[in-house]
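Trainee:
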Amino acid sequence: MSLLTPRDSAILTSLFTSDPPAPASLPPPPPPPGLPNFPPPLLQTIQTLESAALKPLNSASPPASTISTAIDALSALIKTYPEYPSAYNNRAQALRLLHGSDLTVSEGGGGMMADLAEAIRLCTPAKTGMQADILAKAYTQRGAVLLLTSTTMRARETGEGRGEGTVQALVLGGKGVEEVEEMARADFREGKRWGGDVAGEMDVKMNPVRKMCGEIVREAMVRDLRESGVLPPEA
Numbered sequence: 124m125s126l127l128t129p130r131d132s133a134i135l136t137s138l139f140t141s142d143p144p145a146p147a148s149l150p151p152p153p154p155p156p157g158l159p160n161f162p163p164p165l166l167q168t169i170q171t172l173e174s175a176a177l178k179p180l181n182s183a184s185p186p187a188s189t190i191s192t193a194i195d196a197l198s199a200l201i202k203t204y205p206e207y208p209s210a211y212n213n214r215a216q217a218l219r220l221l222h223g224s225d226l227t228v229s230e231g232g233g234g235m236m237a238d239l240a241e242a243i244r245l246c247t248p249a250k251t252g253m254q255a256d257i258l259a260k261a262y263t264q265r266g267a268v269l270l271l272t273s274t275t276m277r278a279r280e281t282g283e284g285r286g287e288g289t290v291q292a293l294v295l296g297g298k299g300v301e302e303v304e305e306m307a308r309a310d311f312r313e314g315k316r317w318g319g320d321v322a323g324e325m326d327v328k329m330n331p332v333r334k335m336c337g338e339i340v341r342e343a344m345v346r347d348l349r350e351s352g353v354l355p356p357e358a
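Residue numbers (the numbering used here): 124 to 358.
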């Protein structure tokens, strides 16, 4: 039977413990809203214009003329507010709807990839929740494009596809399929880091791609991206 009181035991424990017990960790404070250098009234005005440009695209299969009109409206917004990152991300999405997401055949691949790179640049380093959200979307979108492109490149290597993919060589500098897959995985990893749920799922699924003869895995991932809305439905 111990002769020590609970208070005595606590004192002895504190004396003979090399490190004091760590305090309970507190969750980090939520990031501030908005965008740096954009006062709330101005940001609200820009977002209203952006929403108006995107509204005609909120249908299952908008016609090419409607997509082109949205791209023109977003381009005008970017010309007026070149430091507004969301418009670049959304214009890239519209370009994908118009031209497709496969860089081996896409006519708009260069502009699409440039827009995503600019959206990422303008939000780095992220200081607000809105910047983090844009980063998650842009990295996820770019990762999806690169994954789809690598799938086509794999098919051509195995003789299942046609053509030489000249657009791919121009946009990606002639990188091989392994490099493109690694670029996709790196983007999904970044998208996950900034809160992208789909990016997190794709990052996990890409782990075995290089270890397996994984055409089935890649095709399943592309199918998942289409079902989640990151990639448009297959034509």
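The beta carbon of each residue, even a glycine, is placed where N, CA and C say it ideally should be.
In the DSSP assignment, find the alpha helix (DSSP H) that holds Tyr211 and state where it starts and stops.
Mentor: Segment Pro208 to His222, the alpha helix (DSSP H) holding Tyr211.
Trainee: Just the C-alpha distance for Ala278 and Val353, rounded to the nearest angstrom, thanks.
Mentor: Answer to the nearest angstrom: the Cα atoms are 22 Å apart.
Trainee: Suppose you measure from the CA of Gly319 to the CA of Glu280; what does that come to, to the nearest Å?
Mentor: Approximately 31 Å, taken between the alpha carbons.
Trainee: Ignore the nearest five residues each way along the sequence and tell me which others in Pro179's own chain have a CB closer than 8 Å to its CB.
Mentor: Excluding positions up to five away in sequence, the list reads Pro185, Thr189, Thr192 and Ala193.
Trainee: Grab the span of the alpha helix (DSSP H) containing Glu230 for me, first residue to last.
Mentor: Note, Glu230: premise wrong, no alpha helix (DSSP H); not H, not E.
Trainee: For Gln254, does the count of other Cβ atoms within 10 angstroms reach 16, so buried, or fall short, so exposed?
Mentor: Classification of Gln254: buried, given that the 10 Å Cβ count is 16 or more.
Trainee: Excluding five sequence neighbours on each side, which residues of the same chain lie with their C-beta closer than 8 Å to the C-beta of Ser273?
Mentor: Within the same chain, Ser273 has close Cβ partners Val300, Val303, Glu304, Ala307 and Arg341.
Trainee: Determine the burial state of Val321: buried for a count of at least 16 other Cβ atoms within 10 Å of its Cβ, exposed for fewer.
Mentor: Label assigned to Val321: buried.
Trainee: Round the Cβ separation of Gln170 and Asn212 to the nearest angstrom and send it over; I've been treating them as touching at under 8 Å.
Mentor: Not really, about 13 Å apart at Cβ, beyond 8 Å.
Trainee: Determine the extent of the alpha helix (DSSP H) in which Lys250 is found, giving its start and end residues.
Mentor: Lys250 -> no alpha helix (DSSP H), and no H or E assigned at all.
Trainee: Would Pro356 be called buried (16 or more neighbouring beta carbons within 10 Å of its own) or exposed?
Mentor: Exposed, because fewer than 16 other Cβ atoms sit within 10 Å of the Cβ of Pro356.
Trainee: Rounded to a whole number of angstroms, what is the C-alpha to C-alpha distance between Ala261 and Leu269?
Mentor: So the two alpha carbons sit approximately 12 Å from each other.
Trainee: Using a Cβ-Cβ cutoff of less than 6 Å, which residues in the same chain neighbour Arg312 once the five nearest sequence positions on both sides are dropped?
Mentor: These residues qualify, in order along the chain: Asp326.
Trainee: Helix or strand or just coil, what does DSSP make of Leu158?
Mentor: Strand at Leu158.
Trainee: For Asp225, which three-state DSSP category applies?
Mentor: Of the three classes helix, strand and coil, the one that applies to Asp225 here is coil, per DSSP.
Trainee: Determine the DSSP secondary structure at Pro163, reduced to helix, strand or coil.
Mentor: Reduced to three states, the DSSP call for Pro163 is helix.
Trainee: Is the separation between the beta-carbon of Ser224 and that of Ala267 shorter than 8 Å?
Mentor: Taking 8 Å as the Cβ cut-off, Ser224 and Ala267 qualify as a contacting pair.
Trainee: For Tyr262, name the three-state secondary structure that DSSP assigns.
Mentor: Helix, per DSSP.
Trainee: Between the Cα of Leu271 and the Cα atoms of Ala183, Val345 and Ser182, which residue gives the shortest distance?
Mentor: Measuring from the Cα of Leu271, the nearest candidate turns out to be Val345.
Trainee: Answer yes or no: do Ala382 and Leu221 have a C-beta to C-beta separation smaller than 8 Å?
Mentor: In the structure displayed, the chain extends from 124 to 358; residue 382 sits before or after that span and is not available.
Trainee: Report the three-state DSSP secondary structure of Ala202 (helix, strand or coil).
Mentor: As written in the sequence, residue 202 is Lys, which differs from the Ala given in the question. Reduced to three states, the DSSP call for Lys202 is helix.
Trainee: Can you find the residues in the same chain that come closer than 6 Å, C-beta to C-beta, to Pro154, ignoring five residues on each side of it along the sequence?
Mentor: Same-chain partners within the cutoff: Thr251 and Gly252.
Trainee: Label Lys202 either buried or exposed according to how many other C-beta atoms from any shown protein chain fall within 10 Å of its C-beta, with 16 as the threshold for buried.
Mentor: So Lys202 counts as exposed.
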